[in-house]
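Undergrad: I'd like to ask some things about the structure below.
Chains as they are written, first to last, in the UniProt record's numbering: chain A, 1 to 208; chain B, 1 to 396.
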């Protein structure tokens, strides 16, 4: 369960964003739709605690996170939050498998090869595990980054424009997988996008 | 998956950059390490052969040449001196021993040296087999000679004139091997020792029968050791002024030689240091560039829970790994260089430099390599602490 209340953020006081209150229960999904410049990425970074809000509160499973120290935030983020970015980025020097396992390592957990293989099978890139990430197509890369977000069994999954670089077929597939996987582990899924194709696939929607 | 794996993967991913940095480090460290090795071994060889020899007397010429030819058996002798003068000198109360040496012939490139039993005594040489030479035309050989020329006790051979293998052979005068010395680690190992009379016999015959009997007997040089340090002050002057001979003090000449070599060694060392500094710059540039490219990657790792210190260490490891590879490759390279040098020195001078063990000074070299790698990696990596995660992730 993720809850956001009266969030506010300003870049050098010139551009000020005020966000509506919302909540997303475990196993549910929420679509936040808005045009460019409405603060979509800012909101997602606030939820991911990469930015500190000026005002307001964010709580995950009842735990207030805005007041955490940077060190415990990093730990909390590693364990509880999975992020899928607009453009899938990886550690170029590593293979697909290693890119998945590094999520475990950074959260101070034992690396779970079995889980990486299981997720690769579920998301349909099992045959690419030993390749370098740049050898994959964009749709495949996006699925790898979903798997990476799931590696630590997070309670919140945040997706920033996960479909904007994908064609219709891959777009549909990525969203279906995101929803299925977050439901399966009981995580709250929040998708931030301007992609109108997603409008009808979510029941819970917020417009910025 | 840990930091070290990740560092290693990053280095492998940038093969050419890593190769260049390592190559420069390897060269720098290799040259310095080779200099250290050569310096130590040359000094060892110089000192070992010098022990107990206070002065060398020989024909007038270059004193350094006299030392090199008589003590180290590497240069041509300066000429001959009358035996009578040497005998007179050996009766001087300030002289403890005077060992006459007579050179001029070789067998398979090994010098045949006419001398007496004091010469092997001087090197504390022990016999491996057989006996010491007694009569004319009997020889006792060093262990390298026995090995290199394949000589056994009872074998006979003819020497060739001069110090090249191709010299004119004294075919009708056959030496007989009476004994073989144990290895001494000194110049003796590569010599064939025979009584001085053998040399006279051969060359008297070689030149002119009638003249030989009346001619004054000559030797090439003599190694002198003093009874007391005072002799050092008086004898050289006395000999240089009153006889046709010259004296050379090995300690002075060798210091002069090392000084002469020193200029070259210093230049080479400065060059090696410069190469190592360039290696440091290369590590710096390649990490700086790769960090610029990997800024997003770093922000990504930070957003996934990595601490900045962890990423700083990650980059530090990359520098450290390059340093270590460079160090081990460099010390390996220097041993290869020493081996090649030894091959040449053995072929030309019968000297070998075969001590490949790790030198204590190389610890400092290791420390310097690590310092260069770590500092060169640390400077660009400080940038890790100023990355704005949100901004970097949003920009790309």
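A virtual CB, placed ideally from N, CA and C, is assigned to each residue, including glycine.
When DSSP labels each residue in this structure, what does residue 28 of chain B get in the three-state scheme?
TA: Mapped onto the second chain, residue 28 of chain B falls at position 28. Note: residue 28 of chain B maps to helix in three-state DSSP.
Undergrad: Against chain B, does residue 191 of chain A count as a neighbour if the rule is that its beta carbon must be under 7 Å from one of theirs?
TA: If you number the first chain from 1, residue 191 of chain A lands on position 191. No, residue 191 of chain A does not count as interfacial toward chain B.
Undergrad: Given a limit of 9 Å on CB to CB distance, which residues of the stretch 88-105 of chain A reach chain B?
TA: Listed by position along the chain: 89, 90, 91, 92, 93, 94, 95, 98, 101, 102, 103, 104, 105.
Undergrad: Please state whether DSSP places residue 154 of chain A in a helix, a strand or coil.
TA: Against the first chain, residue 154 of chain A aligns to sequence position 154. Residue 154 of chain A: coil per DSSP, three-state reduction.
Undergrad: Can you grab the Cα-Cα spacing for the pair residue 171 of chain B / residue 137 of chain B, in whole Å?
TA: Taking the first residue of the second chain as position 1, residue 171 of chain B is located at position 171. Taking the first residue of the second chain as position 1, residue 137 of chain B is located at position 137. Cα-Cα distance, rounded: 13 Å.
Undergrad: Helix, strand or coil: how does DSSP classify residue 250 of chain B here?
TA: Against the second chain, residue 250 of chain B aligns to sequence position 250. Helix, per DSSP.
Undergrad: Please state whether the Cβ-Cβ distance between residue 11 of chain B and residue 18 of chain B is less than 7 Å.
TA: Within the second chain, the letter at position 11 stands for residue 11 of chain B. Within the second chain, the letter at position 18 stands for residue 18 of chain B. Contact: yes.
Undergrad: What is the residue span of the beta strand (DSSP E) that residue 3 of chain A lies within?
TA: Position 3 of the first chain, counting from 1, holds the residue named residue 3 of chain A. From DSSP, the beta strand (DSSP E) with residue 3 of chain A extends over 2-11.
Undergrad: Could you round the C-beta distance between residue 31 of chain B and residue 221 of chain B to whole angstroms and report it? I think they count as a contact, below 8 Å.
TA: Start at 1 with the first residue of the second chain, and residue 31 of chain B comes out as number 31. Start at 1 with the first residue of the second chain, and residue 221 of chain B comes out as number 221. Contact flag wrong, Cβ pair sits at about 37 Å.
Undergrad: For residue 1 of chain A, which option in A:199, A:193, A:197, A:189 has the closest C-alpha, if you only look at C-alpha atoms?
TA: On the first chain, position 1 is the one that residue 1 of chain A refers to. Checked all of A:199, A:193, A:197, A:189; the closest Cα to residue 1 of chain A is A:189.
Undergrad: Answer yes or no: does any C-beta atom of chain B fall closer than 7 Å to that of residue 41 of chain A?
TA: As a working mapping, residue 41 of chain A is identified with position 41 in the first chain. Judged by the 7 Å Cβ criterion, residue 41 of chain A is in contact with chain B.
Undergrad: Looking only at its own chain, which residues have a Cβ that is under 6 Å from the Cβ of residue 193 of chain A, when we skip the five neighbours before and after it?
TA: For this step, residue 193 of chain A is matched to residue 193 along the first chain. Taken in chain order, the residues that qualify are 161.
Undergrad: Could you name each continuous alpha helix (DSSP H) segment of 4 residues or more that falls completely within the stretch 64-130 of chain A, going from the start of the chain to the end?
TA: Listed in chain order, they are 70-80, 96-106, 113-123.
Undergrad: Taking 7 Å as the CB-CB cut-off, is residue 355 of chain B touching chain A?
TA: Your numbering for residue 355 of chain B matches position 355 in the second chain. So, not an interface residue.
Undergrad: Mapping DSSP to helix, strand and coil, what is residue 352 of chain B?
TA: Along the second chain, read from residue 1 onward, the residue named residue 352 of chain B stands at position 352. Residue 352 of chain B falls in the coil class under three-state DSSP.
Undergrad: Closest to residue 363 of chain B by C-alpha separation, out of B:337, B:306, B:331, would be which residue?
TA: Counting from 1 along the second chain, the entry for residue 363 of chain B is found at position 363. Out of B:337, B:306, B:331, B:331 has the C-alpha closest to the C-alpha of residue 363 of chain B.
Undergrad: Taking 7 Å as the CB-CB cut-off, is residue 107 of chain A touching chain B?
TA: Along the first chain, read from residue 1 onward, the residue named residue 107 of chain A stands at position 107. True, the Cβ-Cβ gap to chain B drops below 7 Å.
Undergrad: Might you give, ordered along the chain, the residues of its own chain that have their beta carbon closer than 7 Å to the beta carbon of residue 389 of chain B, omitting 5 neighbours on each side?
TA: Working through the second chain from its first residue, we reach residue 389 of chain B at position 389. If we look at residue 389 of chain B and ignore the five residues flanking it on each side, its Cβ neighbours are 299, 302, 303.
Undergrad: Per DSSP, residue 456 of chain B is paired with what?
TA: Since the first residue shown for chain B is 1 and the last is 396, residue 456 of chain B is missing from the structure and cannot be characterised.
Undergrad: Tell me whether the stretch 142-158 of chain A and the stretch 115-131 of chain A touch, counting them as touching only if at least three CB pairs, one residue from each stretch, are closer than 8 Å.
TA: Flag = yes, the stretch 142-158 of chain A and the stretch 115-131 of chain A touch.
Undergrad: Are there three or more Cβ pairs, one per stretch, closer than 8 Å when the stretch 140-152 of chain B is compared with the stretch 172-185 of chain B?
TA: They touch, by the three-pair rule.
Undergrad: Would you identify the three-state DSSP class for residue 139 of chain A, choosing helix, strand or coil?
TA: Against the first chain, residue 139 of chain A aligns to sequence position 139. Residue 139 of chain A falls in the helix class under three-state DSSP.
Undergrad: Should residue 393 of chain B be labelled buried (16 or more other beta-carbon atoms within 10 Å of its own) or exposed?
TA: Counting from one through the second chain, the residue named residue 393 of chain B turns up at place 393. Buried, since its Cβ has 16 or more Cβ neighbours within 10 Å.
Undergrad: Please list, in chain order, the residues of the UniProt domain "ABC3 transporter permease C-terminal" (271-389) of chain B that have any C-beta partner in chain A closer than 7 Å.
TA: Flagged, chain order: 296, 297, 300, 301, 303, 304, 305, 306, 307, 389.
Undergrad: Going along chain A, which residues have a C-beta under 9 Å from residue 149 of chain B?
TA: Taking the first residue of the second chain as position 1, residue 149 of chain B is located at position 149. Residues of chain A passing the Cβ test: none, with the nearest at roughly 59 Å.
Undergrad: When DSSP labels each residue in this structure, what does residue 213 of chain B get in the three-state scheme?
TA: On the second chain, residue 213 of chain B is found 213 positions in, with the first residue counted as 1. Any answer about residue 213 of chain B is weak, because its pLDDT of 48 lies below 50 and its placement is not dependable; what the coordinates show is given next. Residue 213 of chain B falls in the helix class under three-state DSSP.
Undergrad: What are the uninterrupted segments assigned as alpha helix (DSSP H) that are 4 or more residues long and contained completely in the UniProt domain "ABC3 transporter permease C-terminal" (271-389) of chain B, given in chain order?
TA: Within the UniProt domain "ABC3 transporter permease C-terminal" (271-389) of chain B, the complete alpha helix (DSSP H) runs of at least 4 residues are 295-303, 308-349, 361-381.
Undergrad: May I ask which residues mark the beginning and end of the beta strand (DSSP E) holding residue 231 of chain B?
TA: Here residue 231 of chain B corresponds to residue number 231 of the second chain, with the count starting at 1. Here residue 231 of chain B belongs to no beta strand (DSSP E); instead the alpha helix (DSSP H) covers 230-242.
Undergrad: Tell me which same chain residues have a C-beta within less than 7 Å of the C-beta of residue 6 of chain B, skipping the five on either side of it?
TA: Reading the second chain from its first residue, position 6 is the one you call residue 6 of chain B. Taken in chain order, the residues that qualify are 314.
Undergrad: DSSP state of residue 128 of chain B, grouped into three classes?
TA: Residue numbering aside, residue 128 of chain B sits at position 128 when the second chain is read from its first letter. If DSSP states are grouped into helix, strand and coil, residue 128 of chain B belongs with the strands.
Undergrad: Nearest to residue 217 of chain B by CA position, among B:100, B:323, B:110, is which residue?
TA: On the second chain, residue 217 of chain B is found 217 positions in, with the first residue counted as 1. The shortest C-alpha separation from residue 217 of chain B is found at B:100.
Undergrad: Would you decide whether residue 41 of chain A is buried or exposed? Buried here means 16 or more other CB atoms lie within 10 Å of its CB.
TA: On the first chain, residue 41 of chain A is found 41 positions in, with the first residue counted as 1. Looking at its Cβ environment, which holds 16 or more other Cβ atoms inside 10 Å, residue 41 of chain A is buried.
Undergrad: Assign residue 144 of chain B to one of two classes, buried (16 or more other C-beta atoms within 10 Å of its C-beta) or exposed (fewer than that).
TA: Within the second chain, numbered from 1, the residue matching residue 144 of chain B stands at position 144. So residue 144 of chain B counts as buried.
Undergrad: Which of the three DSSP states, helix, strand or coil, is assigned to residue 115 of chain B?
TA: Indexing the second chain from 1 puts residue 115 of chain B at position 115. It is a strand residue.
Undergrad: Span of the beta strand (DSSP E) holding residue 23 of chain A?
TA: Mapped onto the first chain, residue 23 of chain A falls at position 23. 22-24 is the extent of the beta strand (DSSP E) around residue 23 of chain A.
Undergrad: So who's on the other strand from residue 157 of chain B, going by DSSP bridges?
TA: On the second chain, residue 157 of chain B is found 157 positions in, with the first residue counted as 1. Its beta-bridge partners are B:175.
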